[in-house]
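In case it helps, the numbering used here puts the sequence shown at residues 4 to 401. All C-beta atoms in this analysis are idealised placements derived from N, C-alpha and C, irrespective of residue type, glycine included. Keep in mind it's a predicted model, so treat the numbers as computed, not measured. Quick notes on the structure that follows.
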Amino acid sequence: MTSNIEVLVEDIKTFVREELYPLEPILLQQGYYAVEAAVYEKRENVKARGWWAPSIPRNYGGLGLNLPDFARVSEVLGLSFLGHLTFNCQAPDIGNMELLMEVAGDEQKERYLMPLIRGEIRSCFSMTEPEHAGSNPLYMSATAVKDGDDYVINGHKWFTSSQEGTAFAIVMAITNPDAPKLHQRASQIIVPTDTPGFRRLRNIKIMGEAGEGYFTDAEVVYENVRVPQSNLLGKEGEGFALAQMRLGPGRVHHCMRWIGICERAFDLMCKRAASRELSPGKMLAEKQTIQHWIAESRAEINAARFLVMDVAHKIESSGAHAARVDISLIKFYVAGVLDRLMDRAVQVHGALGITDDTMLAFAYRRERAARIYDGPDEVHKSAVARHILKQYGVTISI
Ligand SMILES: Cc1cc2nc3c(=O)[nH]c(=O)nc-3n(C[C@H](O)[C@H](O)[C@H](O)COP(=O)(O)OP(=O)(O)OC[C@H]3O[C@@H](n4cnc5c(N)ncnc54)[C@H](O)[C@@H]3O)c2cc1C
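Pasting the structure below:
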């Protein structure tokens, strides 16, 4: 018997192929703004089909999928770079929605969460600073100082993803510089992006491309940005605890999206190998190197999917904390699979692979970052090894 989730995944896959693939050449050749109106039109279609905000509980207006089911959907949405955005489950908004559902007060929910869930606005997350190692965000310079009923925020952030076009940022800033523990010094505060003193310096060029709108990463300054203290999320000093909260399920979302990209690249790679003639009647697919890449890629994608789904089930049944080592495991493993897949697919396409005539170069440019953001490979590998070695009597300090 076919379960509901299987039907849903197949239906969404068809939608992505039929409705979103045709928009991609416009995105690739003319940029985000050339395709934005069409994406927002498709969003209405998604709402009408009852698929809107698939990870958000029904009482908030979403489809209410649990984490393993959403992971399945996330994979097929990942087949297109427009998938998650069209279904309103794109990073960083999905992480902000999850956070706000968990810790926001009624007024914060009304003003920021609900418009986000309805897809009326977008948001961003502003933690990393160019002057400090983002892989150890305990060290940061941004401050939020109380003044009357307000916080006055000063800071310099970068890689505030998708900032262009957002209504608000969630910023991490030091509110309790004298707290004895480093991880109790920062807080998360909502900052509407039209607040005086909030300024985007630039969209950072990544691999030669600054992007537009949703597909950007901004460098931002906060200069005496004044917001009411009621914009604090949770309690003062809880910033890192809240950041951890968003990262567990968030890494499953990313990993399954990457598996979707891998499947797309795999399909293109096989089609190219089967259609490119090296000489009359001699196909590229007949070369053993290509065959090995295809076999290795198939095995790696399947293994990655099993691993991630296993972790999704663990988080669902025992919570993110219990699954934290496995979460580190999938983060670096799947990012590595994606890296290898993209490289092989580009190589099989030859010169075509590095043009924007297929989605490969766009994916290659944007997703090299998968091994860096949400914790670089090395940090996650060390975390996994530390945990294993502890069972062998070796305690390694961070
Ligand atoms: C595309 C993209 C989107 C992003 N989006 C956001 C966002 O929306 N909001 C936000 O706040 N931030 C965002 N970031 C920032 C991201 O979180 C940081 O880049 C990441 O945490 C790494 O920090 P860093 O770049 O400062 O590298 P560093 O901390 O300087 O590390 C550099 C390198 O050193 C090595 N390294 C670091 N630590 C260790 C270790 N313990 N052991 C061994 N080697 C190590 C790794 O190879 C690492 O790549 C984004 C980054 C990218 C690339």
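For the stretch 115-157, which segments carrying the beta strand (DSSP E) assignment without a break, of at least 3 residues, lie completely within its bounds, in sequence order? Those beta strand (DSSP E) runs which fall completely within the stretch 115-157 and span 3+ residues are 126-129, 146-150.
Taking its Cβ as the centre, do 16 or more other Cβ atoms sit within 10 Å of residue 62, making it buried, or is it exposed? Counting Cβ neighbours within 10 Å, residue 62 comes out exposed, since fewer than 16 surround it.
Minimum C-alpha distance to residue 92 - residue among 70, 113, 110: When each option's Cα is compared against that of residue 92, the closest is 70.
Whose C-alpha, out of 153, 139, 119, is nearest the C-alpha of residue 172? The shortest Cα separation from residue 172 among 153, 139, 119 belongs to 119.
Kindly list the residues whose CB is nearer than 7 angstroms to the CB of residue 216, restricted to its own chain and excluding five residues on each side of it in sequence; keep chain order. Only 35, 36, 39, 167, 168 meet the Cβ criterion.
Out of 116, 140, 265, which one is the CA nearest neighbour of residue 195? Looking at the Cα atoms, 116 is the closest of the given residues.
Pop quiz: residue 239 and residue 179 are said to be a contact at Cβ under 8 angstroms. What is the actual Cβ separation, rounded to whole angstroms? About 6 angstroms; that satisfies the 8 angstroms criterion.
Unbroken beta strand (DSSP E) runs of length 3 or more, entirely within the stretch 241-325: which are they? Within the stretch 241-325, the complete beta strand (DSSP E) runs of at least 3 residues fall at 280-282.
If you run the structure through DSSP and keep just helix, strand and coil, what is residue 225? When secondary structure is reduced to three states using DSSP, residue 225 falls in the strand class.
How is the beta strand (DSSP E) around residue 204 delimited, first residue to last? If you look at residue 204, you'll find it in the beta strand (DSSP E) that goes 201-206.
With contact counted as at least three CB pairs below 8 angstroms, one residue from each stretch, are the stretch 332-347 and the stretch 304-312 in contact? Counting C-beta pairs with one atom in each stretch, the stretch 332-347 and the stretch 304-312 have three or more that are closer than 8 angstroms, which means they touch.
Just checking residue 115 against ligand 1 - is the residue's beta carbon closer than 7 angstroms to any of the ligand's heavy atoms? Taking 7 angstroms as the cut-off, one finds no heavy atom of ligand 1 near enough to the beta carbon of residue 115.
Check whether the Cβ of residue 169 sits closer than 7 angstroms to any heavy atom of ligand 1, and report yes or no. No.
When DSSP labels each residue in this structure, what does residue 174 get in the three-state scheme? It is a strand residue.
Are the C-beta of residue 194 and some C-beta of chain B separated by less than 8 angstroms? In the structure shown, chain B does not exist; there is a single protein chain.
Just tell me which of 349, 96, 83, 397 has its CA closest to the CA of residue 273. If we check each option's Cα against that of residue 273, 349 comes out closest.
Drop a sphere of 10 angstroms on the beta-carbon of residue 210, count the other beta-carbons inside from all chains shown, and report buried for 16 or more, exposed for fewer. Classification for residue 210: exposed.
Considering just the uninterrupted stretch of the alpha helix (DSSP H) at residue 232, what are its terminal residues? No alpha helix (DSSP H) holds residue 232; DSSP gives it neither H nor E.
CA-CA distance, residue 343 and residue 296? Roughly 9 angstroms separates the two Cα atoms.
Proximity below 8 angstroms, CB of residue 269 to CB of residue 31: For residue 269 and residue 31, no; Cβs fall outside 8 angstroms.
Hey, how far is the Cα of residue 3 from the Cα of residue 183? Here the chain covers residues 4 to 401 and nothing more, so residue 3 does not appear.
Please determine whether the Cβ atom of residue 375 lies at a distance below 7 angstroms from any heavy atom of ligand 1. Residue 375: yes, Cβ under 7 angstroms from ligand 1.
Following the continuous beta strand (DSSP E) through residue 189, name the residue where it begins and the one where it ends. Bounds of the beta strand (DSSP E) holding residue 189 are 189-195.
For residue 164, list the residues DSSP reports as bridge partners. In the DSSP assignment, residue 164 is bridged to 220.
Given residue 264, which residues of its chain have a CB within under 7 angstroms of its CB, disregarding the five upstream and five downstream residues? Here the set comprises 81, 341, 366, 370.
Out of 241, 159, 236, which one is the CA nearest neighbour of residue 204? Restricting attention to 241, 159, 236, the CA atom closest to the CA of residue 204 is found in 159.
Measuring only from the beta carbon, is residue 96 closer than 7 angstroms to any heavy atom that is part of ligand 1? Result no, Cβ not under 7 angstroms from ligand 1.
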